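Okay, here's the thing in structure tokens:
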């Protein structure tokens, strides 16, 4: 975890007064993503898995459509730029998102077990309290896990890794620590994922999109409780 | 709070099984900000104080420099577009940020009292768990308070209101529920605010900027505890 954390001298104030301690603070890096020599975006992020972040971001933006589009990925020495060379670049637009069709079912106990594992894996969060996590799972276990200071970035990293390693997302679950707005729903739908589980709250547009797109949306999944906002039929007793 | 919340039928799962309830879900609106007939940005946000959000955003982006630059603000009927007519538009660039100079001091007890009041005021958070809050304060009380699904938006709304109502920010405090990255620090420095208090974690770049810019940075301010990351001299016993 060396690269993700900086140890800094700080003062802690509590009922017992003030004392100097050394604390772990999560690192932030401005990452510039370059696609075929064109600067596409600069994102504040955690300086790990930058290749996954760049690819996941370009995919979510609709600029690349598959792994086959990619010729080369170069992360520069200081890690502040990722250059992606693509054979073809798609026009950046959002096509009408089609409904996610999947008969997959999951039990409440399986959701709780996955969230438990998810929390256990959030090492950087436990150390710094300053990051979001995301994970691709099947109904039994976590397949891909990622942490980042940005809730969107954490999800892009998961999807970027899936894309580069040919890990299917169809019919699987995404677990996220972050709030679920419409943008998150669209990203998940684009990867044909029928189940989205969040530790936090959804927005009303998130719920509406989940209902329209056939995605089961679970929020406030904490301990042995959760709220099911959409397509409840996939959660069985 | 009618406009900020939608009541939706959901299922709650707990140790006692599953039951149908009606739950409050925070509303999300895509707001388009238009400056002198040019579309500047579309932000997912909470549909309140949209004039403040637009003005705060344009100020943070450096596109308008003061209230005097603004001729008219029109929020369209459905609230999905704010049109700002400006007498002059500044070139969008970030000048080197100068250091915040202020001799203001605050006691730990005053910080704790402000955070208590801040939490009390977070009505929408209490109802939905899905928003961030921000507040401008003096050492004794909250002067301007705002909530939004985005942590940046909540801060833009506070600053936009200050700008339009001629409420000075110099020498005051900003309290935020959200994580403190470098972007947040730059926004606060731009308003000459010497004290930034967060309920959450900072990043290492946030801490570095706070130190360089002369801003006292307090994180994890919860209950009777807090961490002081930078310019501790402003917090007195």
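Chains as they are written, first to last, in this note's numbering: chain U, 65 to 301; chain F, 65 to 301. Beta carbons: idealized from backbone N, C-alpha and C, even for Gly. The structure presented is a predicted model; accordingly, all values stated were derived computationally and were not measured.
**Message:** Tell me the rounded alpha-carbon separation between residue 140 of chain F and residue 95 of chain F.
**Reply:** Computed Cα separation, rounded: 10 Å.
**Complete alpha helix (DSSP H) runs within the segment 99-132 of chain U (minimum length 4 residues, chain order)** = 114-124
**Asked** Who does residue 294 of chain F pair with in a DSSP beta bridge?
**Response** F:281
**Asked** If we cut at 8 Å on Cβ distances, does residue 79 of chain F have a partner in chain U?
**Response** yes
**Three-state secondary structure (DSSP) of residue 248 of chain F** = helix
**Message:** Which residues of the segment 259-275 of chain F have a Cβ closer than 8 Å to any Cβ of chain U? Give them in chain order.
**Reply:** 264, 265, 266, 267, 268, 269, 270, 271
**Item:** Simplified DSSP state of residue 305 of chain F, which is helix, strand or coil
**Value:** No answer is possible for residue 305 of chain F: the residues shown for chain F start at 65 and end at 301.
**Request:** Check whether the Cβ atoms of residue 283 of chain U and residue 264 of chain U sit closer than 8 Å, and answer yes or no.
**Result:** yes
**Message:** Can you tell me which residues form a DSSP beta bridge with residue 237 of chain F?
**Reply:** Answer by DSSP bridge pairing, in chain order: F:201, F:259.
**Request:** Using three-state DSSP, classify residue 288 of chain F as helix, strand or coil.
**Result:** coil
**Message:** On the criterion of 16 or more Cβ atoms from any shown chain inside 10 Å, does residue 86 of chain U qualify as buried, or is it exposed?
**Reply:** exposed
**beta-carbon residue 128 of chain U near the ligand MN non-hydrogen atom, thresh 7 Å** = Within the structure as shown, the ligand MN is missing, as the structure has no ligands at all.
**Prompt:** What separation, rounded to the nearest whole angstrom, lies between the Cα atoms of residue 306 of chain U and residue 107 of chain U?
**Reply:** The first residue shown for chain U is 65 and the last is 301, placing residue 306 of chain U beyond what the model contains.
**Request:** Determine the closest residue to residue 135 of chain F out of F:150, F:121, F:145, with distance taken between C-alpha atoms.
**Result:** F:150
**Prompt:** Under 8 Å between the Cβ atoms of residue 261 of chain U and residue 294 of chain U?
**Reply:** no
**Message:** With three or more beta-carbon pairs closer than 8 Å as the criterion, would you say the segment 198-214 of chain F touches the segment 170-190 of chain F?
**Reply:** With the rule of 3 Cβ pairs closer than 8 Å, the segment 198-214 of chain F counts as touching the segment 170-190 of chain F.
**Request:** Note down the Cα distance separating residue 69 of chain U from residue 231 of chain F, rounded to an integer number of angstroms.
**Result:** 38 Å
**Message:** Nearest by alpha-carbon distance to residue 222 of chain U: which of U:255, U:278, U:190, U:193 is it?
**Reply:** U:255
**Request:** Consider the Cβ of residue 169 of chain U: report whether some Cβ of chain F lies at a distance smaller than 8 Å.
**Result:** no
**Prompt:** Mind checking residue 225 of chain F: buried by the 16 CB within 10 Å criterion, or exposed?
**Reply:** buried
**Asked** Hey, residue 304 of chain U and residue 168 of chain U: beta-carbon distance below 8 Å or not?
**Response** Outside the displayed range of chain U (65 to 301) lies residue 304 of chain U, so it cannot be described from this structure.
**Request:** For residue 229 of chain U, name the three-state secondary structure that DSSP assigns.
**Result:** coil
**Message:** If distances are taken between C-alpha atoms only, which option among U:133, U:176, U:252 comes closest to residue 300 of chain U?
**Reply:** U:176
**Request:** With 8 Å as the threshold, decide whether the Cβ of residue 70 of chain U is near any Cβ in chain F.
**Result:** yes
**Request:** Kindly indicate which residue of U:280, U:78, U:220, U:129 has the alpha-carbon position closest to the one of residue 113 of chain U.
**Result:** U:220
**Prompt:** So, helix, strand or coil for residue 265 of chain U, using DSSP?
**Reply:** Judged by DSSP in its simplified three-state form, residue 265 of chain U adopts coil rather than helix or strand.
**Message:** What would DSSP say about residue 174 of chain F, mapped onto helix, strand or coil?
**Reply:** helix
**Option nearest residue 73 of chain U by Cα separation, candidates U:124, U:84, U:233** = U:84
**Request:** Would you check if the distance between the CB atom of residue 239 of chain U and the CB atom of residue 178 of chain U is smaller than 8 Å?
**Result:** yes
**Asked** Which chain U residues sit within Cβ distance under 8 Å of residue 106 of chain F?
**Response** Ordered by position in chain U, no residue passes the 8 Å Cβ test against residue 106 of chain F, which lies about 11 Å from the chain.
**Item:** Residues of the segment 186-207 of chain U whose Cβ lies closer than 7 Å to any Cβ of chain C, in chain order
**Value:** Within the model displayed, chain C is absent; protein chains U and F are what it includes.
**Asked** Which residues of chain U have a Cβ atom closer than 8 Å to the Cβ of residue 153 of chain F, listed in chain order?
**Response** What residue 153 of chain F touches in chain U: nothing, since even the nearest Cβ is about 23 Å away.
**Item:** Distance CB(residue 281 of chain U)-CB(residue 271 of chain U) smaller than 8 Å
**Value:** yes
**Asked** Per DSSP, which one or two residues make a beta bridge with residue 82 of chain U?
**Response** Bridge partners of residue 82 of chain U according to DSSP: U:77.
**Request:** Decide if residue 214 of chain U is buried, meaning its Cβ has at least 16 other Cβ atoms within 10 Å, or exposed.
**Result:** buried
**Request:** Check whether the Cβ atoms of residue 292 of chain U and residue 77 of chain F sit closer than 8 Å, and answer yes or no.
**Result:** yes
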